[in-house]
Every structure is written in C-alpha cells, then in structure tokens.
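Accompanying notes for the structure given below.
Numbering (our numbering), first residue to last: 978 to 1199.
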C-alpha cells in the first residue's frame, strides 16, 4: 500500500499534465482560441489595426524581396508595395493598381493572404470560420502542443498552441491530395499592444522541404 500511493500520485500528475481540460471544465476549441487571442491581442486592437509593416521575404537561391504593406482595418484599406515590381491594393471591395501587370483578383488575393496570416489567431474569429469544437494534442519536432482545427472547403488547417501561454507556434494546411505546407513561427515582436510573430518559416508537405522565410523587419504608424 505504501508503494502504491506514490505510484498513484505519479499517474495523476502525468494525467493532469497531459489533459488540456483538467481544472478548466471541458475546454472547447472556441475557449482555447479566446485564450490565444488574449495572449496575442490583449487589448483587442486587431479590428482597428492601422500600421505599415515592412517584410524581408527570403527564398533559396533568390534575392531577398522587400515588401511593404499598409493596413487599416478600421476602413478596409490595404496596399501592397513591392517597389518597381508591384504596387496594388484594396479599399473595401474596390481594387487599385498603381504599378505592375496585376489583376484585381490578384490584388484581393494578396490582401486576404497578408491579413489572414499576419492577423492570426485573431482572424479565426471571422464570421463563418468552420472551427471544429474539440481540442487535440500533437507533437512537432519533439514539442507537444494543443491543436485546434478549421475545415475550409479546399483544405484543412491545424493550429498549434503553446501549452503554457496559449501562444500560436505553428500552423499547417493539408489539401485533399495530401499536399500542404507547415509554417513555423518564432520571435514575438510588439506591434502596438499586439504580440506578433516576427518570423515565419515555410515547409512543403509531406516531404517537409524548406520553401521560404518571411521576416517582419519593422512596423510604423501612419
């Protein structure tokens, strides 16, 4: 009996550490997402976010591409500036092309791309986001994470959250043909009161081949 009690305590400690809902009731994906947003955007600034972000975008054997984006979520304004290559954007549902052979469809796609990826996890609160209700756990490179899943019509996204502070650490999308990409996040920076990952590294799946790195170099108001 004396030997059994320490064994039982060990089992309980392991179970509590593994179980994401212990001591919190049955935590839902919606509640876990709220905790992650509270970490990254504690003052709920994203919906009124207004800033200029400057990126270095690196790919193997290519020159670093400089990209500047102007975001004003309060008015629905977005502008992408890649110098002589392209200057385009959107004002609500209307596009504008200042430089480059760019279609309105591309201008809208680039707006959606930058706002989604650099607005995570807050963008998962957008209307009609098909967030699945359950929380799971998964290991990447030896680290265990809580995961939440969003099943979009064309691909399935999984978001990996730190078990201690609920920060977003990585995300992955998989298409029906099993291809996809894994994006690893690192180095938080403060933009206003928000904590945004500075670096994103992209890997092609299923081979896990390195694709590119995006780095947020500076941010400024306008």
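We put the beta carbon where it would ideally sit given N, CA and C, even for glycine.
By the Cβ-count criterion, residue 1080 is exposed, with fewer than 16 other Cβ atoms from all chains shown falling within 10 Å of its own Cβ. Going by beta carbons, residue 1106 and residue 1115 fall outside the 8 Å limit. Comparing alpha carbon positions, the residue from 1064, 1193, 1007 closest to residue 1102 is 1007. Relative to residue 1098, the option among 1010, 1192, 1183, 1042 whose CA is nearest is 1010. Here residue 1013 is buried, its C-beta having at least 16 other C-beta atoms within 10 Å. The three-state secondary structure of residue 1061, taken from DSSP, is coil. Measuring C-alpha to C-alpha distances from residue 1049 to each of 1187, 1029, 1148 identifies 1029 as the nearest. Among the bridge pairs identified by DSSP, residue 1032 is matched with 1044, 1193. Of all C-beta pairs linking the stretch 1171–1188 to the stretch 1146–1159, three or more are shorter than 8 Å, placing the two stretches in contact. Taking a C-beta distance under 8 Å as the contact criterion, residue 1171 and residue 1032 do not qualify as a contact pair. Residue pairing by DSSP places residue 1132 in no beta bridge whatsoever. For residue 1109, the three-state secondary structure derived from DSSP is coil. The beta-carbon separation of residue 1189 and residue 1045, rounded to 18 Å, does not stay under the 8 Å limit for a contact. Taking residue 1121 as reference, the option from 1063, 1016, 1141 with the minimal CA-CA separation is 1141. Considered as a whole, the stretch 1049–1102 harbours 1054–1058, 1064–1068, 1071–1076 as its complete beta strand (DSSP E) runs of no fewer than 3 residues, in chain order. Per DSSP, residue 1012 is one residue of the alpha helix (DSSP H) stretching across 1006–1017.
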